[in-house]
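Residue numbers (my numbering): 70 to 434.
For each residue, glycine too, the CB sits at the ideal point set by N, CA and C.
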């Protein structure tokens, strides 16, 4: 059950406007409260029937602003790192219960100044729900089947200065719960909404104005990652057995700018859930060579200091199991621990349907 304690998340590519801000001071620490008002997105008919009312969400958060000591902090316009605690009333306490989550996030300024600014927040962490699918007591809840899930959150908000220490904010947000098919059913819980809040800013600090290296001085740098991952998924039908999934990924990528890299890769998957399933000729898959899958992939990577957020669509060039189709997508985050050692957390999907989470260790050379 250990995999339920890890995060699974959906990461999108970020595009930032190249607009500089004339600001010499900033509040290094902030604490805030946000209220989110939204609804359960009925992306499937079996989820739509769970919508009984509007969702109410409350968020307590703490921000620490980077002050420009490193190049990446200047390129991202002095972003913030922070943590939040969420409480969710899904609008259907009888079937969906209530939710809680702990979020680690980055908050990226897009455009603005000291008095008014627009920013984008992205984060992930564990999410907990008080009710989920149960054959006896909650048969219609096809959104989640585990108490502990992965949680992801996105928001776009404008912040407005009221006093030297008080700021108001308003915007839109999206929250997502999923266990990445570790246990089924797992159609996921998606909560779009609007948000408003107040923030208390502590003592201002000086930002660090200085010259950056040339944007293209990074373009010659190549990264080569070799990563070994492990995951697990439940086999259909609901209540089926759980199977291990192993994968080995090689990817090579090159900087096209300070923030972005483009590349390609080779993926090997050994999904034991495919054993005893029919292949394209309706013959039963039994041999290890038929369980093995191989694919080639492209990749876009957003570099944030030691973090790499990647999106990698691929196509199978060898597979005996064909029910998932020819295409797959892997998305996630990698963290360079020290020198060449990196950690990987990612998700593999087929046509936007989660297949399994991946937790791995790798080497960058």
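With contacts defined by Cβ atoms closer than 8 Å, residue 268 and residue 99 form a contacting pair.
Between the C-alpha atoms of residue 214 and residue 174 there is a straight-line separation of about 26 Å. Counted as a single uninterrupted DSSP element, the stretch harbouring residue 384 is not any alpha helix (DSSP H) but the beta strand (DSSP E) occupying residues 376-387. Taking C-beta separations shorter than 6 Å and ignoring five residues to either side along the sequence, the partners of residue 332 in its chain run 320, 321, 322, 368, following chain order. When beta bridges are read from the DSSP output, residue 187 appears opposite 180, 227.
A residue is called buried once 16 or more other Cβ atoms fall within 10 Å of its Cβ, and residue 427 is buried on that count.
Here DSSP, grouped into helix, strand and coil, assigns residue 417 to strand.
The count of Cβ pairs closer than 8 Å, one atom from the segment 203-222 and one from the segment 399-410, stays below three, leaving the stretches out of contact.
Residue 108 is positioned such that its CB atom lies no closer than 8 Å to that of residue 168. Residue 144 carries a helical assignment under DSSP once its states are collapsed to helix, strand and coil. If you compare the alpha carbons of 377, 161, 210 with that of residue 330, the shortest gap goes to 377.
Relative to the Cα of residue 373, the nearest Cα in the group 236, 176, 154, 120 belongs to 176.
For residue 360, the closest alpha carbon among the candidates 342, 366, 375 is that of 342.
A straight-line Cα-Cα distance of about 23 Å links residue 232 and residue 190. Under the three-state reduction of DSSP output, residue 205 falls in the coil class, being neither helix nor strand. By the neighbour-count criterion, in which a residue is buried when 16 or more other Cβ atoms sit within 10 angstroms of its Cβ, residue 292 is buried.
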